[in-house]
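J.: Chain order of the listed sequences is Z and G.
The first sequence maps to residues 6 to 285 in the numbering used here.
The second sequence maps to residues 6 to 285 in the numbering used here.
Backbone N, C-alpha and C fix where the C-beta goes; we use that ideal spot for every residue, glycine too.
Quantities reported herein were computed from a predicted structural model and do not represent experimental measurements.
Here it is, the structure in full.
2 protein chains.
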Amino acid sequence: MRIGNLTIVGVGLIGGSIGLAAKRRGLAERVIGVGRQMRTLENARDLGAIDEGSLDVPDAVRAAELAVFCTPVDQIVGQVLAAAPGCAAGTLLTDAGSTKAVIVRSLEGRLPDGVAFVGSHPLAGSEKRGSEHAAEDLFEGRLTIVTRTPQTGPEALDRTMAFWRSLGAQVRVMDPEAHDQTLAVTSHLPHLVAAALAGLLPAELQSLTATGFRDTTRVAAGDPALWTAIFAQNRGAVLAALDRLEDRLERFRAALRADDQKGLHDLLSEAKRVRDALGS
Amino acid sequence: MRIGNLTIVGVGLIGGSIGLAAKRRGLAERVIGVGRQMRTLENARDLGAIDEGSLDVPDAVRAAELAVFCTPVDQIVGQVLAAAPGCAAGTLLTDAGSTKAVIVRSLEGRLPDGVAFVGSHPLAGSEKRGSEHAAEDLFEGRLTIVTRTPQTGPEALDRTMAFWRSLGAQVRVMDPEAHDQTLAVTSHLPHLVAAALAGLLPAELQSLTATGFRDTTRVAAGDPALWTAIFAQNRGAVLAALDRLEDRLERFRAALRADDQKGLHDLLSEAKRVRDALGS
């Protein structure tokens with residue numbers, strides 16, 4: 006794959022990493038980054054993540070063959086709707102949002118002829134923010150989910166998959182709702198649990214934590230506004246995932262109450278098998 | 006501090022690290038490691054963690070000026086009671102167990118005159134096991150909790166504190182029950198939650214996890230038998246900590262159900278403040 010102008014809306018950890026990877030891998034001739042502050046864009050340019058900066062989303066997207074929206078999930082739909090009317094036929098729009106159903110379904114049937122939006126979610130990133138944490142290998146060997154619905158054009162889907170593969174990612178196709186149900190379990194629930202755990206730690210016990218507490222709560226350092234938007238867009242699936250957690254916590258509680266050591270051992274062994282399978 | 010013979014019962018990650026640190030820092034003239042298998046002890050000797058190995062706890066402890074029990078929490082009391090009658094007056098016994106009340110209270114009043122047991126818990130370690138993961142700097146700058154009760158002799162307490170400080174640790178004195186209530190929140194609850202989360206992940210979703218899930222569940226790779234014993238010895242405090250978690254999960258649930266984004270943002274912001282204060 007080879008792109009003339011690639012526009013990245015939102016040049017943070019993910020957007021910056023896309024820019025770095027696209028430039029180092031020769032995917033795009035020119036990378037345009039869009040942000041709200043010139044200083045951020047200048048930093049991204051100095052890091053080699055973009056070639057030029059713009060403060061105007063529709064303007065920067067109009068110049069693109071492919072544009073990827075790496076902004077908070079509650080901003081993507083509005084930005085795409087604002088930018089799409091100015092796009093030439095054949096422009097491909099995608100995103101990197103952590104939720105998919107609200108975004109993809111909100112855009113279906115609302116874009117000009119010849120302009121396609123295909124939802125994407127690279128399973129990469131961290132609790133850190135900003136292009137200063139971007140890495141050209143962020144997507145290498147990692148999975149990116151690309152969404153398909155009955156309205157997704159096959160060529161747009163193929164190009165979206167080729168885009169992420171060109172950045173080093175492995176790609177899996179899912180429908181938006183299946184994505185959101187899956188991520189509720191694999192990402193949103195862990196975030197909620199980490200935040201619940203961090204939130205209950207009294208200040209006087211902070212010095213009495215060790216690596217276990219720090220690992221288990223690490224993602225709770227993520228940006229509250231970004232995560233509020235993610236939870237708000239995936240409330241139903243997160244609530245269902247939370248029910249599954251509560252069931253399992255109840256099994257631990259029952260085993261503890263009954264001093265059922267075999268029951269505890271079974272629960273811990275099952276967890277260890279799963280965790281060992283995930284690798285470090 | 007300078008010890009003639011230091012005996013380490015259980016030469017795994019913690020015991021091996023004590024041996025490495027004691028030898029590299031010149032704390033002990035000779036380090037005797039006790040295990041159940043000669044092969045494990047030979048490995049520990051090859052790594053420089055011990056000078057000689059023994060399969061006999063009372064025999065190896067009898068030779069020691071100071072012995073530290075780094076075995077699972079449900080084995081420590083029995084091993085100490087078996088070893089103490091053979092010890093010379095002035096011998097100091099301590100441990101590295103993750104629970105303290107059952108161990109310390111079970112031993113009070115049951116040791117020969119002149120033989121002291123003081124409970125210890127270095128807040129170091131990981132989900133890994135075995136002396137091959139031992140590190141001479143494991144305790145450096147980390148906290149070790151040393152327990153004091155009305156029956157703890159001041160000199161034995163001082164020597165125990167000096168021992169851990171000689172290994173590079175910072176020391177805090179707590180009573181055994183306060184230790185257990187604290188660790189229920191800072192260590193045992195995170196382990197339980199990580200295991201609950203890992204345990205609910207269906208096999209088909211394993212490939213759809215990313216660093217967030219892996220960080221949050223990392224400790225669930227710990228040894229189920231070790232952790233069953235820890236939970237069994239600290240059931241009451243862990244159940245109380247679990248109640249606090251449930252309260253907080255309920256606040257998330259209520260905010261999700263009501264689509265209360267301000268409420269979610271407040272909960273996530275509070276968690277981020279705590280997590281940021283803990284450092285990476």
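Near T157 of chain Z, which residues of its chain fall below 7 Å by C-beta distance, leaving aside the five closest residues on each side in sequence?
T.: V123
J.: If contacts are defined as beta-carbon pairs under 8 Å, then T96 of chain G and V73 of chain G qualify, I think. What distance do you get, rounded to the angstrom?
T.: Between V73 of chain G and T96 of chain G the Cβ distance is about 12 Å, and since that is not below 8 Å, they are no contact.
J.: Take every Cβ of the stretch 197-215 of chain Z, pair it with every Cβ of the stretch 240-254 of chain G, and state whether three or more of those distances are shorter than 8 Å.
T.: yes
J.: Pull up the distance between the alpha-carbon of I81 of chain Z and that of A276 of chain G, whole angstroms please.
T.: 26 Å
J.: Restricting to Cα atoms, I'd like to know which of Z:T187, Z:I235, Z:R177 is closest to R147 of chain Z.
T.: Z:R177
J.: Between G:R249, G:G15, G:V243, G:S131, which has its C-alpha nearest D100 of chain G's C-alpha?
T.: G:G15
J.: State yes or no: is the C-beta of V66 of chain G within less than 9 Å of the C-beta of G91 of chain G?
T.: yes
J.: Mapping the DSSP letters down to three states, classify D252 of chain Z as helix, strand or coil.
T.: helix
J.: How many whole angstroms separate the CB atoms of L261 of chain Z and F236 of chain G, which I take to be in contact at a CB cut-off of 8 Å?
T.: 6 Å
J.: Going along chain Z, which residues have a C-beta under 7 Å from D220 of chain G?
T.: D220, R223, V224
J.: Let me confirm a value: P117 of chain G is counted as buried when at least 16 other C-beta atoms fall within 10 Å, else exposed. Which label applies?
T.: exposed
J.: Do R223 of chain Z and R280 of chain G have their C-beta atoms closer together than 9 Å?
T.: yes
J.: Identify each residue in the stretch 138-156 of chain G for which the Cβ-Cβ distance to at least one residue of chain Z is less than 9 Å, and report them in chain order.
T.: The stretch 138-156 of chain G vs chain Z, Cβ under 9 Å: R147, L148, I150.
J.: Can a CB atom of chain Z be found closer than 9 Å to the CB of P117 of chain G?
T.: no
J.: Consider the Cβ of F122 of chain G: report whether some Cβ of chain C lies at a distance smaller than 9 Å.
T.: Going by chain labels, chain C is absent from the structure shown, which instead holds the protein chains Z and G.
J.: In chain G, which residues lie less than 9 Å from G102 of chain Z when you measure between Cβ atoms?
T.: Residues of chain G passing the Cβ test: none, with the nearest at roughly 14 Å.
J.: Measuring only the C-alpha atoms, how far is R44 of chain G from G135 of chain G?
T.: 12 Å
J.: Using the three-state DSSP reduction, which class does I13 of chain Z fall into: helix, strand or coil?
T.: strand
J.: For P195 of chain Z, go through chain G and note every residue whose CB falls closer than 7 Å to its CB, in chain order.
T.: L202, G217, F218, T221
J.: Taking only runs of the alpha helix (DSSP H) that begin and end inside the stretch 47-86 of chain G, which ones reach a length of at least 4 residues, in chain order?
T.: Counting only runs of 4 or more residues that sit fully inside the stretch 47-86 of chain G, the alpha helix (DSSP H) segments are 62-67, in chain order.
J.: Is it a yes or a no for the stretch 165-182 of chain Z touching the stretch 55-63 of chain Z, going by three-plus beta-carbon pairs under 8 Å?
T.: no
J.: Which first and last residues belong to the alpha helix (DSSP H) in which P163 of chain G is found?
T.: It is worth fixing the name first, because residue 163 of chain G is Asp in this sequence and not Pro. Segment 159-171, the alpha helix (DSSP H) holding D163 of chain G.
J.: Just how far apart, CA to CA, sit G20 of chain Z and M6 of chain Z?
T.: 19 Å
J.: Relative to the alpha-carbon of A167 of chain Z, which residue among Z:K105, Z:G227, Z:V151, Z:L231 has its alpha-carbon at the smallest distance?
T.: Z:V151
J.: Residues of chain G with CB under 7 Å from P229 of chain Z, in chain order?
T.: H270, L273, S274, K277
J.: Rounded C-beta distance between F144 of chain Z and S22 of chain Z? I'm assuming under 8 Å.
T.: 7 Å
J.: Which residue's Cα is closest to the Cα of A226 of chain G: Z:Q84, Z:S274, Z:I37?
T.: Z:S274
J.: Count the other C-beta atoms from every protein chain shown that fall within 10 angstroms of the C-beta of S212 of chain Z, then say buried if there are 16 or more, exposed otherwise.
T.: Under this definition S212 of chain Z is an exposed residue.
J.: Compute the distance between the beta-carbons of T216 of chain Z and S171 of chain G, then report whether it is under 9 Å.
T.: No, Cβ-Cβ distance for T216 of chain Z and S171 of chain G is not below 9 Å.
J.: Got a sec, what are the start and stop residues for the beta strand (DSSP E) Q175 of chain G sits in?
T.: 175-179
J.: Looking only at its chain, what residues have a beta carbon closer than 6 Å to the beta carbon of Q238 of chain Z, apart from the 5 residues adjacent to it on each side?
T.: V78, T104, V107
J.: Quick one: grab the DSSP three-state call for E34 of chain Z.
T.: In the structure shown, E34 of chain Z sits in a strand (DSSP, three-state: E or B).
J.: Going by Cα to Cα distance, which pick from Z:H193, Z:G9, Z:L86 is closest to T221 of chain G?
T.: Z:H193
J.: For D56 of chain G, which of G:H270, G:R29, G:K133 has the nearest alpha-carbon?
T.: G:R29
J.: By the three-class DSSP mapping on this structure, what secondary structure does L269 of chain G have?
T.: helix
J.: Looking at chain Z, is there any beta carbon in it that lies within less than 9 Å of the beta carbon of E182 of chain G?
T.: no
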